[in-house]
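Residue numbering for the sequence shown is 100 to 610, as defined by our numbering.
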Amino acid sequence: MGKKYYITTPLYYVNSPLTIGGAYTTIVADVLARYQRLRGKEVFFLTGSDEHGQKIKKAAEEEGISPQELADRVVGTFLELWEMLEITNDDFIRTTEPRHEKVVEEVFRRLVKKGDIYWGSYEGWYCTPCETFLLDSQLSEGLCPQCGRPVEKLVEDNYFFRFSRYQKLLEEHFRNNPDFVRPPSRYREMLNRLKEGLNDISVSRAISWGVPVPGKEEQGIWVWFDALLNYISAPNSLTPGGEEEIWPADIHLMAKDIVWFHSLLWPAMLMALDLPLPRTVYAHGWWTMGGEKISKSKGAAYARDVVEEFGPDPLRYFMLREIPLGLDGDFSFEALAVRYRSDLANDLGNLLQRSLSMIKKYRKGRLPASGEDPAGKVILEEIASFWPRYHREMEDLKFSQVLEGIWSFIHRANRYIEESKPWRLYREDRESGRLDGVLFTLVAILLHSASWVQPFMPGTAEKICRQIQPSSPIVPAFSQAEANPSGVVRSGQLIGKIEPLFPILFSEKKE
Ligand SMILES: [Zn+2]
């Protein structure tokens with residue numbers, strides 16, 4: 100058996116439910132996972148929760164509960180959200196699980212033995228919200244450079260990871276792998292950070308909520324050192340050559356603020372462990388609201404509220420269509436409602452409804468034979484040539500561009516109805532085969548579109564196909580649709596019940 104295609108999201112902190120920013124990474128990962136599975140690959144898609152650290156401890160104390168109680172409650176909201184968004188992760192790892200803690204302890208022991216972790220004294224700063232050690236030189240006007248909040252002075256003895264030892268090896272890896280960090284702007288940023296030089300870094304603290312340092316229980320392992328190891332603890336890859344090879348990750352997905360941990364610290368840890376490095380570290384942008392970073396404390400745009408209002412597919416579509424992966428985007432309920440009405444309800448939903456209504460009226464509800472329409476033939480040829488582009492762009496994570504390409508077919512189809520005037524063909528030219536040709540082409544566009552949008556909007560893809568060909572409500576498989584674009588239409592079959600694909604929103608009804 101070959102190696103599985105391995106996709107990860109970062110672990111989410113359990114201090115509060117997820118905003119749409121947190122949901123975004125998981126949606127992107129899910130689209131990619133679904134796409135790879137549809138291409139016939141075996142996929143291992145991992146997400147999970149980060150439950151240790153000072154931040155969690157403080158949040159729990161404020162509520163008067165234990166950190167574990169807080170974690171259990173918030174993890175419940177994560178799992179519920181993933182179900183609502185139809186996320187198809189293969190595993191969910193919690194850093195408080197024994198299977199994870201065992202690996203963290205083992206790694207710590209190994210690296211101490213190797214001399215890559217040593218006992219030293221730390222004097223510097225710590226940002227609890229970011230769970231990050233900071234040197235004087237890294238502060239920005241005395242505050243945390245990442246979140247802008249006050250930092251606390253820290254003078255303590257703890258364990259250090261010999262990060263500096265991996266400087267040269269990392270530089271070499273960056274040089275030989277220009278796609279190691281993507282997009283290119285992040286690659287350059289990380290390469291510059293690397294060139295500034297790596298300092299050994301504290302990897303334990305005198306804390307009580309974390310994996311205890313083996314043999315020195317009063318020290319807890321630093322939460323980032325602990326969390327990053329989930330990528331090998333979940334697939335049990337610390338010992339290579341297990342029964343199924345999963346590591347290395349094909350892609351680590353995350354927001355740009357934590358790319359440093361994934362593209363410098365984590366690779367150095369892996370080098371220390373003699374494990375291969377992930378193939379790609381991909382950092383996406385931030386979602387803002389009204390131009391400001393979405394902050395949990397401001398209580399804005401919880402993913403759950405958005406899904407409850409719009410459903411999973413419109414949110415999935417919006418987030419991947421609105422901005423190219425890697426750039427920042429601004430979220431608003433209004434912008435989502437606009438895409439819902441225009442792209443989804445008007446363009447796609449109406450195309451389906453119009454096409455099926457004409458088949459019902461002109462062909463007694465039976466899917467037509469291929470017929471004879473020159474313009475339709477051209478469209479079918481364009482569909483055939485879009486397939487290689489679709490795969491190229493999906494593999495390259497150009498999701499926004501792919502969706503634009505698909506929508507150009509949907510717009511084209513709506514124009515095609517106006518231009519070919521099926522109602523006139525029905526009155527004046529019923530038997531020449533042109534009417535069949537037009538209706539056939541419309542159905543073909545819809546079925547191919549369903550196939551293309553399936554990774555993005557799985558429920559919608561199925562609904563489209565069920566209305567067109569209810570006796571086999573299956574979205575055309577990539578390989579079959581690509582090999583024989585006309586073959587997707589099952590001529591002669593009766594269509595299903597015609598229903599609006601994207602009904603009027605509750606909030607619009609109120610108006
Ligand atoms: Zn901070």
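Cβ atoms here follow ideal geometry from the backbone N, Cα and C, with glycine treated the same way.
Predicted, not measured: the structure shown is a model, and the values here were computed from it.
Determine whether the beta carbon atoms of F262 and D215 lie at a separation below 7 angstroms.
Translated into positions along the sequence shown, residue 262 becomes position 163. Translated into positions along the sequence shown, residue 215 becomes position 116. No, these two residues do not count as a Cβ contact at 7 angstroms.
With a cut-off of 5 angstroms, give the chain-ordered residues whose Cβ is closer than this to any heavy atom of ligand 2.
Here the bound small molecules are ligand 1; ligand 2 is not part of this structure.
From L604, P366, N513, Y489, pick the residue whose C-alpha is nearest to that of L269; which is it?
For the purposes of this step, residue 269 is taken as the residue at position 170 of the sequence shown. Comparing Cα positions, the closest option is P366.
Please name the residue or residues paired with K463 in a DSSP beta bridge.
As a first step, residue 463 is located in the sequence shown; it is residue number 364 there, counting from the start. In the DSSP output, where bridge partners are listed per residue, K463 has none listed.
Here's a check: name, in chain order, each residue in its chain whose Cβ is nearer than 8 angstroms to the Cβ of Y439, leaving out the five neighbours to either side.
Reading the sequence shown from its first residue, position 340 is the one you call residue 439. Apart from the 5 residues on each side of it in sequence, Y439 sits with its Cβ closer than 8 angstroms to the Cβ of F409, P413, F417, F601, L604 in its chain, given in chain order.
Does the segment 217-234 come within contact of the segment 148-162, defined as at least 3 CB pairs closer than 8 angstroms?
Counting Cβ pairs under 8 angstroms, three or more are found: they touch.
Return the Cβ separation of D171 and W218 in integer angstroms, given the expectation that the two are a contact with Cβ distance under 8 angstroms.
What you label residue 171 is simply residue 72 of the sequence shown in a count that begins at 1. What you label residue 218 is simply residue 119 of the sequence shown in a count that begins at 1. The beta-carbon separation of D171 and W218, rounded to 34 angstroms, does not stay under the 8 angstroms limit for a contact.
Unbroken alpha helix (DSSP H) run spanning G595, endpoints:
Residue numbering aside, residue 595 sits at position 496 when the sequence shown is read from its first letter. That residue, G595, is in no alpha helix (DSSP H); it is neither H nor E in DSSP.
Count the other C-beta atoms from every protein chain shown that fall within 10 angstroms of the C-beta of E407, then say buried if there are 16 or more, exposed otherwise.
Residue mapping note: residue 407 aligns to position 308 of the sequence shown, counting from 1. That one is exposed.
So, is G163 buried or exposed, given that buried needs 16 or more other C-beta atoms within 10 angstroms?
Stepping through the sequence shown from its first residue, residue 163 is reached at position 64. Exposed, since its Cβ has fewer than 16 Cβ neighbours within 10 Å.
Pick helix, strand or coil for S441, following the three-state DSSP scheme.
Against the sequence shown, residue 441 aligns to sequence position 342. The DSSP-derived three-state label of S441 is helix.
Counting only the same chain and skipping the five closest in sequence on each side, list residues whose C-beta sits under 6 angstroms from that of Y105.
Taking the first residue of the sequence shown as position 1, residue 105 is located at position 6. F143, I345, A348, D349.
Alpha-carbon to alpha-carbon, R193 and L541:
Counting from one through the sequence shown, the residue named residue 541 turns up at place 442. Counting from one through the sequence shown, the residue named residue 193 turns up at place 94. C-alpha separation (whole angstroms): 47 angstroms.
Would you kindly check if the distance between the Cβ of G147 and the Cβ of L110 is under 7 angstroms?
Here the question's residue 110 lines up with position 11 in the sequence shown. Here the question's residue 147 lines up with position 48 in the sequence shown. In this structure, the beta-carbon distance from L110 to G147 falls below 7 angstroms.
How would you call H510, buried or exposed, if buried means at least 16 neighbouring beta carbons within 10 angstroms?
If you number the sequence shown from 1, residue 510 lands on position 411. Around the C-beta of H510, fewer than 16 other C-beta atoms lie within 10 Å, and the residue is accordingly described as exposed.
Can the beta-carbon of A122 be found less than 7 angstroms from the beta-carbon of A402?
The residue given as residue 122 occupies position 23 in the sequence shown. The residue given as residue 402 occupies position 303 in the sequence shown. The answer is yes: Cβ separation under 7 angstroms.
Is it the case that the Cβ atoms of L145 and D190 are separated by a distance below 7 angstroms?
On the sequence shown, position 46 is the one that residue 145 refers to. On the sequence shown, position 91 is the one that residue 190 refers to. Annotated as proximal: L145 and D190, with beta-carbon spacing under 7 angstroms.
Leaving aside the five residues before and after P482 along the sequence, list all residues of the same chain whose C-beta is less than 8 angstroms from its C-beta, in chain order.
Position 383 of the sequence shown holds residue 482. The sequence given here has Ile at residue 482, not Pro. Residues F508, A543, I544, H547, P584 of the same chain have their beta carbon placed closer than 8 angstroms to that of I482, with the five preceding and five following residues left out of the count.
For a test of the three-state rule: what should DSSP assign to E610, helix, strand or coil?
As a first step, residue 610 is located in the sequence shown; it is residue number 511 there, counting from the start. Any reading at E610 must be qualified, since the residue scores a pLDDT of 44, below 50, and its modelled position is unreliable; no value is offered.
Would you call the CB atoms of V574 and A549 closer than 7 angstroms?
For the purposes of this step, residue 574 is taken as the residue at position 475 of the sequence shown. For the purposes of this step, residue 549 is taken as the residue at position 450 of the sequence shown. Note that the C-beta distance between V574 and A549 is below 7 angstroms.
Taking only three categories from DSSP, how would you classify K212?
For the purposes of this step, residue 212 is identified with residue 113 of the sequence shown, where counting begins at 1. In the three-state reduction of the DSSP assignment, K212 falls in the helix class.
Cα-Cα separation between E610 and E433, rounded to whole angstroms:
Here residue 610 is taken as the residue at index 511 of the sequence shown, counted from 1. Here residue 433 is taken as the residue at index 334 of the sequence shown, counted from 1. Its pLDDT being 44, under 50, E610 is placed unreliably in this model, and the value from its coordinates should be taken loosely. Each residue's Cα considered, the two are about 14 angstroms apart.
Judging by CA-CA distance, which residue of R529, A436, L424, R491 is the nearest neighbour of D472?
If you number the sequence shown from 1, residue 472 lands on position 373. The shortest C-alpha separation from D472 is found at R529.
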